[in-house]
């Protein structure tokens, strides 16, 4: 090779591996927040590469809302078996039963906000001092301003106005007792980068990312899947459509998109010509213009 | 010389994976149209989606504003929207068929110099906006000086709001002359000037018909074609060790690898290397990257290195070559940008983070402060507060294995951390020792 120039996806990969190693070096009880979505699948692959030939030196933590797609859960268990990683599950259902959280009322109660309670409880129970997340800055405008090493106070809260400056590749993970960090190695990746990386690495992903027939209801422009957690409102009806998911979240707030993309190559074509952001399918972000910032301030992922 | 950038981003796999990456930073004063310019680049390169556009259309309407407020794309925080200002560095992403871009969008008002320094620290290129009506003002000088101090090799002076001076060539030339006079004091090898209107899109993505007198390319074309191949140091081999990898498994029983990111130069299997601070020498046995075994490794690759001899090596050690070791010394001169509301304490102790090390240091002396508008030394005032830039002398608890910032941005930079609050209080750039 005559030119010492790394193409951009390789640069992002090398940067993410550096961040993951820095995360392990700077914290005592690290964990990876794993949702079963494409970003956390990429995170698992990067973590494997960062420590090869050793195993991933931290557990995967899944915050299970109880409203997940069954396909995602099956995928999660397979991935854990394949990688030999340790899995810790925090259950929103259990938080509700224990009286730590209260179910929303209404026709599509979302457990999205409740995840924060379970997440913070799980972090406290296992004394994690830092968690890796797959969040990307291109997803949402509040995320665009979050640091790679993001300090949270003892209530898990993010304070956007009081963030530590982050320069060069020098990450300051020093903290007081009780404080904790969220670390985002995919900060500089875009949705397209993630898909291209999945294709390059030939990574398995949950089947709901590919086009399939499903019964849904159109609620305020969001296509919600039929499940025991959704009640039809007057005038609504279930319809069968050929759809896929662009993000994997709670089935009560993640909308499907109509699509025929059945392979990775077709998904990449679709992403390239998409005119809506992936979070455009998330009912949780439509609640207000600063919905994500407000949830993050309260301790969300 | 029209740009092809407005066509859909390339996405054929091989082409996409092979595109290169330009990181740039933008700085401007309040109201000089910086957010509008970025909004325009994103909008015209089709990096803005319909739902984002609908959201800002709704917000623009609610505010009773006439023109679509593209600034709302980057100003996402509640307080920013309320006050109509940018508080923090915001990172934005877009791609053309030629290049992928990461934009660090930083606010221009004086109290946020620290954000500008932050955004500049990882950038290959800086765009400084000048309002054509106002010309070169204090803030223009400050932004350019910061770009120079952080050693951004390429600078574009975007002369904006040219529509408000009737696209006057004379006015543009006047600004070029003003800036060039000031720039003779900067250390930026590549400076370009572009007349444009961010609001109307002239010379942003496509070349404008209103500037027949302007021979250069539109802004996006310039961003796409600036040569960045030589921005990393590929001469001085530097490998700061991040962590040690020992699998303790049957399959890799004897494996002991040193993980880290190459900070300079080129390493190859068989190379004789010097381990610091122990000063032991050995040879590289193998190099492993994310895609398998490597025949060579260079900056900024994340790798694992195995060595021929068993040497005690841990996080914070540096692997280099015997004929070209880094500087090792406890006493250093550095330029500091101060970030904290708490003033610099002369004689105070701080934690210093450099490459993968953390050690204590004493700030022995403030040699002088720099007036960041004129670049002159400030006489008779060495009190360093938030957003000040100063040359200091410090003494570390152990020898720092470093290069000057001018020689290598990765091994010449550090941050200072307050031991009690854990806040990052300063960014430092190592200078050659002064007399």
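Protein chains in written order, with our numbering: chain A, 8 to 308; chain B, 18 to 452. Even for Gly, the Cβ is constructed at its ideal location relative to N, Cα and C.
1) Would you be able to state if there are at least three C-beta pairs under 8 angstroms between the stretch 329-343 of chain B and the stretch 366-376 of chain B?
2) Measuring CA to CA, which of A/259, A/15, A/241 is closest to residue 235 of chain A?
3) Taking only runs that begin and end inside the stretch 170-253 of chain B, name each unbroken alpha helix (DSSP H) of 4 or more residues, in chain order.
4) One question on the structure: do residue 2 of chain B and residue 175 of chain B come within less than 7 angstroms of each other, judged by their Cβ atoms?
5) Name the residues in the stretch 188-200 of chain A whose C-beta lies less than 9 angstroms from a C-beta of chain B; which are they?
6) Determine the chain B residues that contact residue 10 of chain A at a beta-carbon separation under 8 angstroms, and present them in chain order.
7) Whose CA, out of A/49, A/51, A/59, A/72, lies closest to the CA of residue 319 of chain B?
8) Please decide whether residue 87 of chain A counts as near chain B, where near means a Cβ-Cβ distance under 7 angstroms.
9) So, helix, strand or coil for residue 371 of chain B, using DSSP?
10) Can you give the beta carbon distance from residue 341 of chain B to residue 253 of chain B, rounded, assuming they're within the 8 angstroms contact cut?
11) Check whether the Cβ atoms of residue 443 of chain B and residue 353 of chain B sit closer than 7 angstroms, and answer yes or no.
12) Please tell me whether residue 434 of chain B and residue 392 of chain B are closer than 7 angstroms, where the distance is taken between their beta carbons.
13) I'd like the ranges of any alpha helix (DSSP H) spanning at least 4 consecutive residues and lying wholly in the stretch 19-99 of chain A.
14) Per DSSP, residue 151 of chain A is paired with what?
15) What residues in the stretch 129-149 of chain B have a beta carbon less than 8 angstroms from any beta carbon of chain A?
16) Quick check on residue 439 of chain B - is its C-beta less than 7 angstroms from some C-beta in chain A?
17) Excluding the five sequence neighbours on either side, which residues of its own chain have a C-beta within less than 8 angstroms of the C-beta of residue 9 of chain A, listed in chain order?
18) Alpha carbon to alpha carbon, how far is residue 185 of chain B from residue 20 of chain A? Give it in angstroms, no decimals.
19) Which residues bound the alpha helix (DSSP H) around residue 110 of chain B?
20) Considering just the uninterrupted stretch of the alpha helix (DSSP H) at residue 132 of chain B, what are its terminal residues?
21) Cα separation between residue 5 of chain A and residue 76 of chain A?
22) Rounded C-beta distance between residue 378 of chain B and residue 325 of chain B? I'm assuming under 8 angstroms.
23) Find the residues of chain A that neighbour residue 399 of chain B, judging by a C-beta separation of less than 8 angstroms, and give them in chain order.
24) For the alpha helix (DSSP H) containing residue 410 of chain B, name the first residue and the last one.
25) In three-state DSSP terms, what is residue 363 of chain B?
26) Since residue 145 of chain B sits in a beta bridge, which residues does DSSP pair it with?
27) Shortest alpha-carbon distance to residue 143 of chain B belongs to which of B/450, B/291, B/322, B/44?
28) So, residue 263 of chain B versus residue 278 of chain B, is the Cβ gap smaller than 7 angstroms?
29) Do the stretch 124-141 of chain A and the stretch 95-107 of chain A make contact, defined as three or more Cβ pairs closer than 8 angstroms?
30) Could you name the residues of chain B that residue 14 of chain A contacts, counting a contact when the two beta carbons are closer than 7 angstroms?
31) Where do the ends of the alpha helix (DSSP H) carrying residue 340 of chain A lie?
Reading from the atomic positions:
1) As far as the Cβ criterion goes, the stretch 366-376 of chain B touches the stretch 329-343 of chain B, which means the pair count is three or higher.
2) Ranking the options by Cα distance to residue 235 of chain A, first place goes to A/259.
3) The qualifying runs are 186-200, 236-242.
4) Because residue 2 of chain B is not part of the residues shown, which for chain B are 18 to 452, the question remains open.
5) Residues 194, 195, 196, 197, 199, 200.
6) Taking a Cβ-Cβ cut-off of 8 angstroms, the neighbours of residue 10 of chain A in chain B comprise 246, given in sequence order.
7) Considering only A/49, A/51, A/59, A/72, the residue with the shortest C-alpha distance to residue 319 of chain B is A/59.
8) Not a single C-beta of chain B is nearer than 7 angstroms to the C-beta of residue 87 of chain A.
9) Looking at residue 371 of chain B - three-state DSSP - the assignment turns out to be strand.
10) Indeed they touch by this definition, with Cβ atoms about 6 angstroms apart.
11) Between residue 443 of chain B and residue 353 of chain B, the C-beta spacing is below 7 angstroms.
12) No, the pair does not count as a contact, with Cβ atoms beyond the cut-off.
13) Annotation: the stretch 19-99 of chain A contains the following complete segments of the alpha helix (DSSP H) (minimum length 4 residues), in chain order: 45-58, 77-90.
14) Paired residue(s): none; residue 151 of chain A is not in a bridge.
15) Cβ contacts with chain A come from 131, 132, 134, 135, 138, 139.
16) By this cut-off, residue 439 of chain B is an interface position.
17) Per-residue confidence for residue 9 of chain A stands at a pLDDT of 46, beneath the threshold of 50, marking its modelled position as unreliable; the derived number appears in the next sentence. Exclusion of the five residues before and after residue 9 of chain A leaves no residue of its chain whose Cβ lies closer than 8 angstroms to its Cβ.
18) In this structure, the straight-line span from the alpha carbon of residue 20 of chain A to that of residue 185 of chain B is close to 46 angstroms.
19) No alpha helix (DSSP H) holds residue 110 of chain B; the beta strand (DSSP E) holding it covers 107-112.
20) Per DSSP, the unbroken alpha helix (DSSP H) holding residue 132 of chain B starts and ends at 130-137.
21) A question about residue 5 of chain A goes unanswered here, because the residues of chain A that appear run from 8 up to 308.
22) With 8 angstroms as the limit, residue 378 of chain B and residue 325 of chain B do not qualify as a contact, their Cβ atoms being about 35 angstroms apart.
23) Near residue 399 of chain B there are no residues of chain A at all, since even the closest Cβ is about 23 angstroms away, more than 8 angstroms.
24) For residue 410 of chain B, there is no enclosing alpha helix (DSSP H); the residue is found in the beta strand (DSSP E) stretching over 406-419.
25) Coil at residue 363 of chain B, not helix or strand.
26) Partner(s): B/44, B/174.
27) Minimum Cα distance to residue 143 of chain B is reached at B/44.
28) The answer is no: Cβ separation not under 7 angstroms.
29) Counting Cβ pairs under 8 angstroms, three or more are found: they touch.
30) Neighbours of residue 14 of chain A on chain B, chain order: 34, 35, 36, 37.
31) There is no way to answer for residue 340 of chain A, as the model of chain A reaches only from 8 to 308.
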